[in-house]
Structures are given as structure tokens and as C-alpha cells.
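Trainee: Please find one structure pasted underneath; my questions will follow.
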Amino acid sequence: MTIDEITIRIGGEAGMGLESGGAGFAKALTRGGLYVFGLPDYYSRIRGGHNFFSVRVASHPLYSHAEPVHVLLALDVETVRRHIDAVVPGGAVVYDTKDDLPDDLRRPDVHLCPLPLTALAEEKGGRAVMRNTLAFAVAAGLIGFDPTYIESVVRDNFARKGQSVVDANLRVVEAGAQAGCSFQPDFPFRMEAVPNAPRRLILNGNDAFALGALAGGCRFVAAYPMTPGSPVLHWFAAHAEAYGVVTKHAEDEIGAINMAIGAAYVGARSLVPTSGGGFSLMVEALGLAG
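Take any residue in the sequence shown, note its place counting from 1, add 334, and you have its number in the working numbering.
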């Protein structure tokens with residue numbers, strides 16, 4: 335049955351490309367005329383630890399994520415362990431056959447979709463890291479979403495890496511979509527592309543924040559990179575010259591806040607993107623600033 339919204343969640347370890355894959359899939363869904371809200375969740379580490387990315391997609395505008403999951407894409411068993419309870423009755427869990435799924439993680443009201451994700455990614459694309467693209471293509475096939483929109487994003491995202499990389503990813507998308515379609519008869523939920531839908535902008539939160547700061551008159555940015563504030567610094571660094579914004583990559587958080595205080599003192603509307611831990615290092619400077 336076609337429903338008005340579906341949430342797809344992919345999970346695995348840091349370094350598996352969950353966020354980049356989720357962002358690409360969200361863009362593909364948007365190109366298919368649907369409304370999308372994506373939410374990454376990750377540990378503060380470069381590799382290891384459990385990460386996941388949720389993509390909520392609907393035929394109507396969305397303003398938040400939703401917890402019920404219709405399709406869970408598990409790149410490791412830990413993902414099933416952590417998120418199986420969030421899967422709605424009738425939902426699906428796609429998992430890698432190289433992993434042994436314990437009986438206590440098998441729900442009778444959830445469709446299990448075992449696939450050789452790692453082997454298939456290596457066979458079609460040459461690299462296991464392409465499991466993220468493969469898994470999202472499986473989800474597209476499962477929900478009846480046209481994979482040509484994913485292919486268009488792949489061409490755009492990987493064009494700079496050469497045609498061989500583009501072709502490898504396209505083979506992975508095709509294989510994933512076909513695999514997903516094989517499970518479609520038993521899966522009750524559909525979310526198809528909307529033909530002739532108006533073009534829509536998809537924007538991540540940090541880019542939207544940076545655009546808002548620019549529109550609000552920001553003329554000085556100082557920061558020391560720390561997730562999740564780093565992309566704001568990256569955006570301003572890329573656009574500093576075009577918009578006349580002085581952008582400084584400081585030596586540390588204390589340097590960043592003091593630079594911004596000084597710039598504000600002489601009349602420049604200033605911004606310091608950071609995180610909770612980074613802000614903790616800045617409070618003394620803020621206190622001394624009065």
C-alpha cells in the first residue's frame with residue numbers, strides 16, 4: 335500500500351559512509367518530488383562506535399524526524415540490536431548475510447531481508463565501502479522508488495573522481511535496486527516518486543545556519559573545528575571572498591572566542607560556530623568580556 339510517509343534508517347560503524355550516503359539518498363528522494371528530513375546521529379570519534387542516519391520521506395512537508403522506522407538498513411548486527419524495537423509491524427530489516435543474526439533479534443512481525451551486502455558491493459563496485467550506496471538502493475527497490483534518481487545523484491557526486499568510479503557506483507545501485515525489488519511482494523509500504531513535481535531545495539542544517547548568519551549581517555567568523563560546528567566554518571571559508579566575510583581558522587577555541595570579541599568590539603557582527611565541549615573552553619573569555 336502507498337502511505338504518506340516512510341522512515342528509512344541506516345546504521346553501522348563510523349567510517350562506513352552513513353552520513354554521505356544518507357545525504358545522497360535524501361537528495362535523490364527530493365529529486366523524485368518528495369519531501370525529506372534527514373537526521374544523522376554519531377559518536378564523537380573518527381572510526382568505530384555505532385552511528386546511524388535516518389531519512390524521513392513523505393508526500394507532504396516535514397519539519398522534524400520521526401522515531402518509527404519502516405526500513406532498517408543494518409550494516410552490522412549492532413544496528414539491529416539497537417533499533418529493532420523502533421521498526422513498525424510490517425517493516426523490514428535489511429542485513430548482511432555475512433553476519434549471524436541471533437534469534438532474539440528476529441521479530442515475527444518484521445520482514446527479514448538477508449542480502450550479501452559486502453560481497454555484492456565488492457563484486458559490482460570493487461570496494462566494500464560501497465555498501466552504503468548499495469543499501470540505499472535496496473531500500474529504493476523495496477519501497478518502489480525509481481532508482482534513476484539515485485543514479486543521477488551518483489553521477490553528480492562522483493563525476494570529479496572519474497567515469498570508472500561513476501560506473502562502479504551505478505552498477506552497485508542497479509544491483510541494490512534489483513535485490514530490493516525481490517523482497518517487494520512481501521513488503522506492504524510504498525513511496526513512489528511524484529511525476530512532474532516542482533523542483534525543491536534540499537539544505538543541511540549547518541548550511542542553512544550559515545546562510546541565515548550571512549543574511550543577518552555577519553562579517554567576521556572565527557572557529558576551531560569541532561563537530562557539529564565545523565561545517566559552518568567550512569561554508570564561510572568557501573564563500574568568504576564572495577561575500578566579504580573575514581573568516582579565521584583559529585589555533586584553539588580560546589583564540590576563536592577572543593578574536594570574535596575583539597571584532598565585535600570594533601563593530602563587526604561576529605560568529606563563533608562550536609560545540610558543547612568547545613563552548614566550555616570559551617566561558618572564561620566571555621565572562622571577562624563583560
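From the three backbone atoms N, C-alpha and C, an ideal C-beta is built for every residue, glycine too.
Quick one: give me the first and last residue of the beta strand (DSSP E) that V422 is part of.
Mentor: Element bounds for V422: 421-430.
Trainee: Could you tell me whether the Cβ atoms of V463 and G510 are closer together than 8 Å?
Mentor: Not a contact, by the Cβ cut-off of 8 Å.
Trainee: With C-beta atoms as the reference, is V403 less than 8 Å away from T467?
Mentor: It is not a contact, given that the beta carbons lie outside the stated cut-off.
Trainee: Note down the Cα distance separating S393 from G372, rounded to an integer number of angstroms.
Mentor: So the two alpha carbons sit approximately 15 Å from each other.
Trainee: Compute the Euclidean distance between the alpha carbons of F543 and D434, then round it to the nearest angstrom.
Mentor: Whole-angstrom Cα-Cα distance: 43 Å.
Trainee: Please state the DSSP three-state secondary structure of S398.
Mentor: The answer is coil: DSSP assigns S398 none of H, G, I, E or B.
Trainee: Tell me the rounded alpha-carbon separation between A547 and L605.
Mentor: Using only the alpha carbons, I get a separation of about 8 Å.
Trainee: Please go through the same chain and pick out, in chain order, the residues whose beta-carbon is closer than 6 Å to the beta-carbon of R534, but skip the five residues on each side of it.
Mentor: Contacts found: T364.
Trainee: Whose C-alpha, out of L396, F479, T431, is nearest the C-alpha of A453?
Mentor: Out of L396, F479, T431, T431 has the C-alpha closest to the C-alpha of A453.
Trainee: Comparing C-alpha positions only, which one of A469, V422, H384 sits nearest to F359?
Mentor: Checking every option, the nearest Cα to that of F359 belongs to A469.
Trainee: Leaving aside the five residues before and after S354 along the sequence, list all residues of the same chain whose C-beta is less than 8 Å from its C-beta, in chain order.
Mentor: Contacts found: N466.
Trainee: Does DSSP classify F523 as helix, strand or coil?
Mentor: Here F523 sits in coil by DSSP.
Trainee: In terms of alpha-carbon separation, which member of M560, A597, I418 lies closest to E587?
Mentor: The residue with the shortest Cα to Cα distance from E587 is M560.
Trainee: Find out if the Cβ-Cβ distance for the pair L476, G514 is shorter than 8 Å.
Mentor: Cβ distance < 8 Å, so L476 and G514 count as in contact.
Trainee: If you drop the 5 nearest sequence neighbours on each side, which residues of the same chain put their C-beta closer than 8 Å to that of L439?
Mentor: Once the five neighbours on either side are set aside, the close Cβ partners of L439 are V411, V414, R415, I418.
Trainee: Pick helix, strand or coil for I536, following the three-state DSSP scheme.
Mentor: The answer is coil: DSSP assigns I536 none of H, G, I, E or B.
Trainee: For G478, I'd like the list of residues in its chain whose CB is within less than 6 Å of its CB, leaving aside the five on either flank, ordered along the chain.
Mentor: Once the five neighbours on either side are set aside, the close Cβ partners of G478 are R524, E526.
Trainee: Going by the beta-carbon positions, is the gap between A590 and A557 smaller than 8 Å?
Mentor: Yes, Cβ-Cβ distance for A590 and A557 is below 8 Å.
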